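Student: Residue numbers (the working numbering): 13 to 52.
Note that beta-carbon positions come from the ideal geometry of N, C-alpha and C, so glycine has one too.
Predicted model only: the values in this text are computed from it and were never measured.
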Amino acid sequence: SMEKYDPTIIGYEWDESNPRIQLEPRGERGYIELKAVKPK
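Pasting the structure below:
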């Protein structure tokens, strides 16, 4: 989950200036949420 993931370990940080994106939920997986990152 995004709450546990730290993008700084690969040289990025969360980009709060861009929106989150949710993919259509499906029965076998639920929904997927994408959050933007930017280089540090």
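Counting only the same chain and skipping the five closest in sequence on each side, list residues whose C-beta sits under 7 angstroms from that of P51.
Tutor: G23 and Y24
Student: Beta-carbon within less than 8 angstroms of T20's beta-carbon, same chain only, minus the 5 sequence neighbours each way: which residues are those?
Tutor: The answer, listed in chain order, is K52.
Student: Taking the C-alpha atoms as reference points, what is the distance between P31 and I44?
Tutor: P31 and I44 have their C-alpha atoms some 14 angstroms from each other.
Student: In terms of residues, what are the limits of the beta strand (DSSP E) holding Y24?
Tutor: Y24 to W26
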